[in-house]
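Reading through the structure tokens given below for one structure.
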Amino acid sequence: MTEKLIESLGEEAGVDLPDVRITGVEPRLPSVFRVATAAAASVGAVTAAVARYGTRHEAPERTPPEVSVDVRHAVAAFMSERCFRIDGEKVGLWAPLSGDYRTSGGWVRLHCNFDHHREAVLRALGLSPDADRDAVSRACESRTSVEIEDAVIREGGCAAAMRSRKEWLAHPQAETVAGTPLVALSRLDSAGPSPVGTARAGGRPLDGVRVLDLSRVIAGPVAARILAAYGAEVLRVGAAHLPEVPGLVVETAFGKRSCHIDLRAEADTLRELVRQADVVIQAYRPGSLAERGFGPEGLAGLRPGVVCVELSAYGSRGPWGRRRGFDSLVQMVSGIAHEGGDGTRPSSLPCQALDHATGYLAAFGAVAGLLRRGDEGGSWRVELSLARTARWLDGLGRTDRAESAGGEPGLGMGDLLESVDSAFGRLTYVRPPGRIDGAEPYWASPPPRPGEHPAEWATATG
0 MTEKLIESLG EEAGVDLPDV RITGVEPRLP SVFRVATAAA ASVGAVTAAV ARYGTRHEAP
60 ERTPPEVSVD VRHAVAAFMS ERCFRIDGEK VGLWAPLSGD YRTSGGWVRL HCNFDHHREA
120 VLRALGLSPD ADRDAVSRAC ESRTSVEIED AVIREGGCAA AMRSRKEWLA HPQAETVAGT
180 PLVALSRLDS AGPSPVGTAR AGGRPLDGVR VLDLSRVIAG PVAARILAAY GAEVLRVGAA
240 HLPEVPGLVV ETAFGKRSCH IDLRAEADTL RELVRQADVV IQAYRPGSLA ERGFGPEGLA
300 GLRPGVVCVE LSAYGSRGPW GRRRGFDSLV QMVSGIAHEG GDGTRPSSLP CQALDHATGY
360 LAAFGAVAGL LRRGDEGGSW RVELSLARTA RWLDGLGRTD RAESAGGEPG LGMGDLLESV
420 DSAFGRLTYV RPPGRIDGAE PYWASPPPRP GEHPAEWATA TG
């Protein structure tokens, strides 16, 4: 099944992928959804695409390198932030007010990890800025889940009412999502150069590929991180005034450099970086960067031949096309949390599977775009959404709940972990998944401090 999924991804993207061998024993997870299958397939797709890219100039008769994915390792990678340790300590992933709340009609999930999102929730509920979780719970009890969802969204926050699978499939946004490919790869222009990057010593598959990482919170950073594991030069662009989840920033920054650019005053600096980039990954609310001239068409104008990768919660079209969202919220609206809790209360997946699957599929789309660029020229656009990934996961079928095992995710995966010293302390992390014979993935550097590097590429322009 997994091999066929990978093959179909290649066919849909228009790239010829090498065969992928799936190895290892599928771990038992506390979920009816086929998380392990999604993990192995998404990791396998990007690994195969990287192998294809790394051997694109070799003679056709040459035997391609063996590509394999250990399914247990892929699952561990999907749980990477839960396995991550700084000096032996877990990192915090959720703010005190984030979570599921019972309402007068159903359940609602509130996302309060960023201060401005917490403030939006409190305004929507008519609460003071210092309200605690008990106050939020009481305020939710007098309203329905959809009423709260609507009120929070109006205030510019993030919330999701729990819906059943049936309810979601009847929703206009679900209908819009259903009409889009899982990894939507399209050409932005009809002509253009076919740059292939600047080859550097070392012979890693993605040597010479420059990636701008304009993303936060798992999916986008995971995509850029796995590209770094195969030798891409990844520059993560943040800003000192933008909120972050500190532990996630560190955990997803392996192999990258990090700079700060304030687009309110330094847009020209980002334009100069784009002019020398091969791939730009962005995961801001649909349309927000386009308003500043950094949408796909704007990026292609600055850098003919660029591959633009866009990630969103619900897609860029439809009634929720500009809505903010996160993995946990998409699980709530799409029926995943409803089914996991048997409809009585929300129960999420054992990991942020929508984020991670979308991240690895985004990396696959980026490399597929590079391959298409090399063959056909032009600039390319790759679009993915967590909601579309949720539909894909739903379509993989179900496991037997009786055979699912509980317990803390990540247990028994110690052989897949490594440790390294860093500016933050001693880090324990999951090694990058996927294997290409002769080109094993690894991160050449530990996570940098946010904004540690200048806003420039480390290598000379070729």
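Numbering that gives the first Met the number 0 applies: residue 0 is where the sequence shown begins, and numbers increase by one. All C-beta atoms, glycine included, are put in the ideal place defined by N, C-alpha and C. Source: prediction; values computed, not measured.
Nearest candidate by alpha-carbon position, reference Glu25, set Val34, Pro17, Asp18: Val34
Runs of alpha helix (DSSP H) lying entirely within the stretch 6-60, each at least 4 residues, in chain order: 34-53
Backbone CA spacing between Gly463 and Ser214 [nearest angstrom]: There is no way to answer for residue 463, as the model of the chain reaches only from 0 to 461.
Spatial distance of Val74 from Arg274 (CA atoms): 36 Å
Buried versus exposed call for Ala299 [16 or more other C-beta atoms within 10 Å across all chains shown]: buried
Simplified DSSP assignment, three categories, for Asp374: helix
C-beta atoms of Ala361 and Ile280 nearer than 8 Å: yes
Close Cβ partners of Gly409 (< 6 Å) along its chain, the five nearest in sequence each way excluded: Low per-residue confidence applies at Gly409: pLDDT is 48, beneath 50, and the placement is therefore not dependable enough to give any value.
Distance, His259 Cα to Pro453 Cα: 8 Å
Runs of alpha helix (DSSP H) wholly within the stretch 310-362 (minimum 4 residues, chain order): 326-332, 335-339
Inside the stretch 107-161 only - alpha helix (DSSP H) runs reaching at least 4 residues: 114-123, 132-140, 144-153
Residue of Arg425, Gly339, Leu16, Arg162 minimising C-alpha distance to Thr55: The sequence shown places Arg at residue 55, not Thr. Minimum Cα distance to Arg55 is reached at Leu16.
Expected contact under 8 Å - CB spacing of Leu187 and Glu296 to nearest Å: 7 Å
Arg20 to Asp414 span [Cα, whole Å]: 20 Å
C-beta contact flag for Gly5 and Gly43 at 8 Å: According to the sequence as given, residue 5 is Ile; it is not Gly. Their beta carbons are under 8 Å apart, which means Ile5 touches Gly43 by this criterion.
Sufficient close CB pairs (3 or more, under 8 Å) joining the stretch 304-319 to the stretch 369-383: yes
Backbone secondary structure at Arg448 - three-state DSSP: coil
Cβ pair Val208, Val278 closer than 8 Å: yes
Neighbourhood of Val195 by C-beta distance below 7 Å, restricted to the same chain and skipping five residues each side: Low local confidence applies: a pLDDT of 46 at Val195 is under 50, so the model's placement there is unreliable, and no value is given.
Option in Ala223, Ile217, Gly87 with minimal Cα separation from Glu243: Ile217
Inter-residue spacing [alpha-carbon to alpha-carbon] between Gln255 and Ala238: First, the amino acid is wrong: residue 255 is Lys here, not Gln. Distance between the alpha carbons of Lys255 and Ala238: 16 Å.
Simplified DSSP state of Asp393, which is helix, strand or coil: helix
Range covered by the beta strand (DSSP E) that runs through Asp420: 416-421
For Ile225: DSSP bridge partner residues: Answer by DSSP bridge pairing: none, since Ile225 is not bridged.
Asp267, enclosing beta strand (DSSP E) - first and last residue: Note, Asp267: premise wrong, no beta strand (DSSP E); alpha helix (DSSP H) at 266-273.
Alpha-carbon spacing of Arg199 relative to Ala443, whole angstroms: Residue placement at Arg199 cannot be trusted, given a pLDDT of 43 that sits under 50; the coordinates are not used to answer.
Boundaries of the beta strand (DSSP E) in which Glu232 is found, first to last residue: 232-237
Residue range of the beta strand (DSSP E) that includes Thr464: Nothing about residue 464 can be reported from this structure: the residues present for the chain run from 0 to 461 only.
Asp18 versus Ala48 - alpha carbon distance: 10 Å
DSSP state of Ser505 mapped onto helix, strand, coil: Because the chain in this structure spans residues 0 to 461, residue 505 falls outside the shown range and cannot be described.
Segment contact, 8 Å Cβ cut-off, at least three pairs: the stretch 348-362 with the stretch 140-151: no
Straight-line Cα distance separating Val366 from Ala289: 23 Å
Endpoints, the alpha helix (DSSP H) within which Gly178 is located: Neither: Gly178 is in no alpha helix (DSSP H) and is coded neither H nor E.
Cβ pair Leu168, Trp391 closer than 8 Å: no
Extent of the continuous beta strand (DSSP E) to which Tyr305 belongs: The question names Tyr, but residue 305 in the sequence shown is Val. Taken as a continuous stretch (DSSP letters only), Val305 belongs to no beta strand (DSSP E), as it is neither H nor E.
Pairwise C-alpha distance: Asp131 and Arg101: 16 Å
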